[in-house]
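First the structure, in the form of structure tokens, and then the observations on it.
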Amino acid sequence: MATGRRYRGGLVDLRTGLISREIFVNEEIYAEELERVFTRAWLFVGHESQIPKPGDYFVSSMGEESAILCRDREERVHVFLNSCRHRGMKVCRYDEGNTPVFTCPYHGWSYAADGKLVGVPFFREAYHGKLDRSQLGLVEVAQLATYKGSVWATWDPNAPGFLEYLGEFRRYLDLTLDGWDGRDGGTEVLGGVQKWLIPCNWKFPAENFSGDSYHNISHRSVDMVGIGPSGSGRRDTRERLVARRLQICFPERGHQTGVYVLPKDQPTPPAYQQSPVVSEYFKHCEEERRRRRGEWGRVTGSPGEVFPNTALHPRQPRTFAVWHPRGPHQTEVWRWYLVDSDSPPEVKDFLRQYYIRYSGPAGLTEQDDMENWNYAHAASRGTIARRYPYTYEQGMGFEVENYEWDGLRLPGSVMDITEAKSSEHNLRNLYRRWAEFMDAESWNELATWRALAR
Amino acid sequence: MSVINLRHLQPGTKIGLADGSTVEVVSNPLDGIWVFARYLSSPRDTSLIGTEEMIFAQDIVEIR
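As structure tokens, then:
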């Protein structure tokens, strides 16, 4: 196992299942991944429900860079680099709000919500009216996509469109974004976005949410406390008793998730039993979902990841998280909490309290995870520690293509862990794709599915 | 001469500019740097009368 100073092939060795610690702690590799991963991939920037009116904005982040998600006067959604074209000062230093213009406080250049440069102090006098303002608007992302309320963007004009980027993973992303009763879309962000810093590389949480089913022991104390919405454990997981438990990934895309698949004619087990109102709401939704979605209604989600750094937590709690890189040794976590927008107020309030109990900087489950990531990262930075790669060998070679169970075929490369209990199938997929991004010079090399289709 | 706090300028306020123009505030983005205003007079360029422009704080000399 090589321990080079920069990324090179071999640091991620999926033949042996060994991955060098350098990719987590090496500062030069980190600088390379900002360029090769974060300027080329599609990144989650927010939710349309955060900017419902013209002039609304939410200051987001793409990689290390501040980005403004906003809605202009014609109600079009934009994402701009939050940096003045004159001297680079942030033109917006609030988290969110509503404004007709973004004005740089340094020299006063001012931009409309469509990005156009509309105000230049002393334009006639100092510039003699000759500055070409049409070429100096805010820098806009190369591509933007809104999908069932979620907003995504990329700096790369040559990246495939967002739906092509997702591929068949879209069906699994829908488990977070569709109404719980199976309708298309219909979610909204509940409350504000929680943001906090943790001292570890961003890939630690990204790997964990890709499907680290092995770390359940870490949460044993939370399970003992019983923070779950039915009064025991940390989630309602009765489906585990009857469902197939699968890890599913898309090797050519880098996305992965866990799912449960219930047997035919098996109703979804009851949940949320600490509140009759909430329990009845979800019972009704589950029945509607099975009716609307047919066989696919037997699938329920568990944690997943859209490459590179957007985590899905489809149910209990239902959240999006983004692992923003803030240097090789620090990650800024942003977590959005989602609910059905038309669910009753009692349901939203119950879920808000449960979500906070579970996730975020004060959430009991998330605290367990952070403790592991933080200490693992710190203990991997040393000269000696870097000589010893991590092992990702669990379940190698046991994945199945064209998986079908009880009359339902599931897209993706599938690892059935019902009996095995755990695998690192999805984790390997994350690093496979990460290594491809680090190696490839362009999307011509990354969009491998296009060559397969020819 | 005291410095005018742009955040206090309400729509309808008439203000004088350094070039001798008079403008009326149309709206205020409350950034403390710009206001949107309509020209009522302009000795520099009469074609500006009736047009709306963003007015920079340092061009404003008085409230009329």
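Chains as they are written, first to last, in this note's numbering: chain A, 1 to 454; chain B, 1001 to 1064. Don't be surprised by glycine CBs; every beta carbon is placed ideally from N, CA and C.
Checklist entry - Looking only at C-alpha atoms, which of A:Asp369, A:Arg220, A:Lys203 and A:Arg293 sits nearest to leucine 430 of chain A? => result Your numbering for residue 430 of chain A matches position 430 in the first sequence. Residue A:Lys203 is the option with its Cα nearest to leucine 430 of chain A.
Checklist entry - Is lysine 203 of chain A helix, strand or coil when you go by DSSP? => result Translated into the one-based positions of the first sequence, residue 203 of chain A becomes position 203. The answer is helix: DSSP assigns lysine 203 of chain A an H, G or I state.
Next on the checklist: Residues in the same chain with beta-carbon distance under 8 Å from arginine 6 of chain A, minus the five sequence neighbours each way, listed in chain order, please.
Outcome noted: Counted from its first residue, the first sequence places residue 6 of chain A at position 6. The answer, listed in chain order, is Asn26, Glu28, Ile29 and Glu32.
Checklist entry - Of the choices A:Ser341, A:Pro270, A:Val414 and A:Gly407, whose alpha-carbon is the least far from that of leucine 241 of chain A? => result The sequence position of residue 241 of chain A within the first sequence is 241, counting from 1. Answer by Cα proximity: A:Pro270.
Checklist entry - So leucine 11 of chain A and glutamate 22 of chain A are in contact, right, with Cβ under 8 Å, and what is the actual spacing, rounded? => result In the first sequence, residue 11 of chain A corresponds to position 11, counting from 1. In the first sequence, residue 22 of chain A corresponds to position 22, counting from 1. About 6 Å separates the two Cβ atoms, so the contact holds.
Checklist entry - Given 8 Å as the limit, is there contact between the region 77 to 85 of chain A and the region 133 to 140 of chain A, that is, 3 or more CB pairs closer than that? => result yes
Item to check | Cβ-Cβ distance between threonine 154 of chain A and leucine 69 of chain A below 8 Å | outcome: Counting from one through the first sequence, the residue named residue 154 of chain A turns up at place 154. Counting from one through the first sequence, the residue named residue 69 of chain A turns up at place 69. Going by C-beta atoms, threonine 154 of chain A is not nearer than 8 Å to leucine 69 of chain A.
Checklist entry - Can the beta-carbon of glycine 456 of chain A be found closer than 8 Å to that of glycine 108 of chain A? => result Chain A is shown only over 1 to 454; residue 456 of chain A falls outside these bounds and no answer can be derived.
Item to check | Per DSSP, cross-strand counterpart(s) of glutamate 1053 of chain B | outcome: By one-based count along the second sequence, residue 1053 of chain B stands at place 53. Glutamate 1053 of chain B pairs with B:Ala1037.
Next on the checklist: Using only CA atoms, which one of A:Thr300, A:Arg170, A:Arg245 and A:Cys92 lies nearest to glutamate 419 of chain A?
Outcome noted: In the first sequence, residue 419 of chain A corresponds to position 419, counting from 1. The candidate whose alpha carbon is nearest that of glutamate 419 of chain A is A:Arg245.
Item to check | The alpha helix (DSSP H) enclosing asparagine 98 of chain A, as first and last residue numbers | outcome: Locating residue 98 of chain A in the first sequence gives position 98, where the first residue counts as 1. First-last for asparagine 98 of chain A: 96 to 98, but that is the beta strand (DSSP E), not the alpha helix (DSSP H).
Item to check | Backbone CA spacing between threonine 1022 of chain B and glycine 129 of chain A [nearest angstrom] | outcome: Within the second sequence, numbered from 1, the residue matching residue 1022 of chain B stands at position 22. Within the first sequence, numbered from 1, the residue matching residue 129 of chain A stands at position 129. Threonine 1022 of chain B and glycine 129 of chain A: Cα-Cα distance of roughly 21 Å.
Checklist entry - From glycine 185 of chain A to lysine 421 of chain A, what distance separates their C-alpha atoms? => result On the first sequence, residue 185 of chain A is found 185 positions in, with the first residue counted as 1. On the first sequence, residue 421 of chain A is found 421 positions in, with the first residue counted as 1. Spanning the two alpha carbons is a distance of roughly 32 Å.
Item to check | Rounded C-alpha distance that separates alanine 206 of chain A from arginine 357 of chain A | outcome: Numbered from 1 along the first sequence, position 206 holds the residue referred to as residue 206 of chain A. Numbered from 1 along the first sequence, position 357 holds the residue referred to as residue 357 of chain A. Their backbone Cα atoms lie some 21 Å apart in a straight line.
Next on the checklist: The alpha helix (DSSP H) that contains proline 345 of chain A, what's its start and end?
Outcome noted: Counted from its first residue, the first sequence places residue 345 of chain A at position 345. That run of the alpha helix (DSSP H) goes 345 to 358.
Next on the checklist: Buried or exposed, going by whether 16 or more other CB atoms sit within 10 Å of the CB of glutamine 143 of chain A?
Outcome noted: Reading the first sequence from its first residue, position 143 is the one you call residue 143 of chain A. Answer is buried; the Cβ neighbour count reaches 16.
Next on the checklist: When you compare the CB positions of methionine 415 of chain A and phenylalanine 398 of chain A, do they come within less than 8 Å of one another, or not?
Outcome noted: As a position in the first sequence, residue 415 of chain A is number 415, starting the count at 1. As a position in the first sequence, residue 398 of chain A is number 398, starting the count at 1. Result yes, Cβ atoms of methionine 415 of chain A and phenylalanine 398 of chain A sit closer than 8 Å.
Item to check | glycine 97 of chain A at chain B interface by Cβ criterion, 8 Å | outcome: The residue you call residue 97 of chain A lines up with position 97 of the first sequence. So no, glycine 97 of chain A is outside the interface.
Next on the checklist: Please report the straight-line C-alpha distance between arginine 432 of chain A and glycine 9 of chain A, rounded to a whole angstrom.
Outcome noted: By one-based count along the first sequence, residue 432 of chain A stands at place 432. By one-based count along the first sequence, residue 9 of chain A stands at place 9. For arginine 432 of chain A and glycine 9 of chain A, the distance between alpha carbons rounds to 11 Å.
Item to check | Element boundaries [beta strand (DSSP E), containing cysteine 285 of chain A] | outcome: As a first step, residue 285 of chain A is located in the first sequence; it is residue number 285 there, counting from the start. Taken as a continuous stretch (DSSP letters only), cysteine 285 of chain A belongs to no beta strand (DSSP E), being part of the alpha helix (DSSP H) at 276 to 293.
Checklist entry - Could you give the distance in angstroms between the alpha-carbon of proline 276 of chain A and the alpha-carbon of leucine 1006 of chain B? => result Sequence index remark: in the first sequence, residue 276 of chain A carries index 276 (1-based). Sequence index remark: in the second sequence, residue 1006 of chain B carries index 6 (1-based). Whole-angstrom Cα-Cα distance: 54 Å.
Checklist entry - Can a CB atom of chain A be found closer than 8 Å to the CB of glutamine 1010 of chain B? => result Position 10 of the second sequence, counted from the start, is the residue given in the question as residue 1010 of chain B. Glutamine 1010 of chain B does not count as touching chain A.
Item to check | Opening and closing residue of the beta strand (DSSP E) in which threonine 187 of chain A lies | outcome: On the first sequence, position 187 is the one that residue 187 of chain A refers to. Residues 187 to 189.
Next on the checklist: Checking the sheet assignment: what are the DSSP bridge partners for glutamine 256 of chain A?
Outcome noted: Along the first sequence, read from residue 1 onward, the residue named residue 256 of chain A stands at position 256. Beta-bridge pairing links glutamine 256 of chain A to A:Cys249 and A:Glu305.
Item to check | Distance between tyrosine 57 of chain A and glutamate 1053 of chain B (C-alpha atoms, nearest Å) | outcome: Locating residue 1053 of chain B in the second sequence gives position 53, counting from the first residue. Locating residue 57 of chain A in the first sequence gives position 57, counting from the first residue. The alpha-carbon atoms of glutamate 1053 of chain B and tyrosine 57 of chain A are separated by roughly 23 Å.
Next on the checklist: For the region 108 to 125 of chain A, list every residue whose C-beta sits within 8 Å of some C-beta in chain B, in sequence order.
Outcome noted: Gly108, Ser110, Val118, Gly119, Pro121 and Phe122
Checklist entry - For glutamate 371 of chain A, does the count of other Cβ atoms within 10 angstroms reach 16, so buried, or fall short, so exposed? => result On the first sequence, residue 371 of chain A is found 371 positions in, with the first residue counted as 1. The residue is exposed, with fewer than 16 neighbouring Cβ atoms inside 10 Å.
Item to check | Three-way DSSP call (helix, strand, coil) for leucine 338 of chain A in this model | outcome: Here residue 338 of chain A is taken as the residue at index 338 of the first sequence, counted from 1. Reduced to three states, the DSSP call for leucine 338 of chain A is strand.
Checklist entry - Among residues of its own chain, excluding the 5 on either side of glycine 363 of chain A, which ones have a beta-carbon nearer than 7 Å to its beta-carbon? => result Residue mapping note: residue 363 of chain A aligns to position 363 of the first sequence, counting from 1. Answer for glycine 363 of chain A: Ile356 and Arg357, listed in chain order.
Next on the checklist: With a threshold of 8 Å on Cβ separation, who are the neighbours of valine 77 of chain A within its own chain once the five nearest residues in sequence on each side are excluded?
Outcome noted: For this step, residue 77 of chain A is matched to residue 77 along the first sequence. Counting only Cβ-Cβ distances below 8 Å, and skipping sequence neighbours, we find Glu48, Ile51, Leu69, Cys70, Arg71, Leu144, Thr146 and Val151.
Next on the checklist: Buried or exposed, going by whether 16 or more other CB atoms sit within 10 Å of the CB of phenylalanine 122 of chain A?
Outcome noted: Along the first sequence, one-based indexing puts residue 122 of chain A at 122. By the 10 Å Cβ count, phenylalanine 122 of chain A comes out exposed.
Checklist entry - Based on Cα-Cα distance, which residue from A:Pro308, A:Tyr390 and A:Trp196 lies nearest to arginine 36 of chain A? => result Position 36 of the first sequence holds residue 36 of chain A. Out of A:Pro308, A:Tyr390 and A:Trp196, A:Pro308 has the C-alpha closest to the C-alpha of arginine 36 of chain A.
Checklist entry - Just how far apart, CA to CA, sit aspartate 1019 of chain B and glycine 55 of chain A? => result Position 19 of the second sequence, counting from 1, holds the residue named residue 1019 of chain B. Position 55 of the first sequence, counting from 1, holds the residue named residue 55 of chain A. When rounded, the distance between both Cα atoms is 32 Å.
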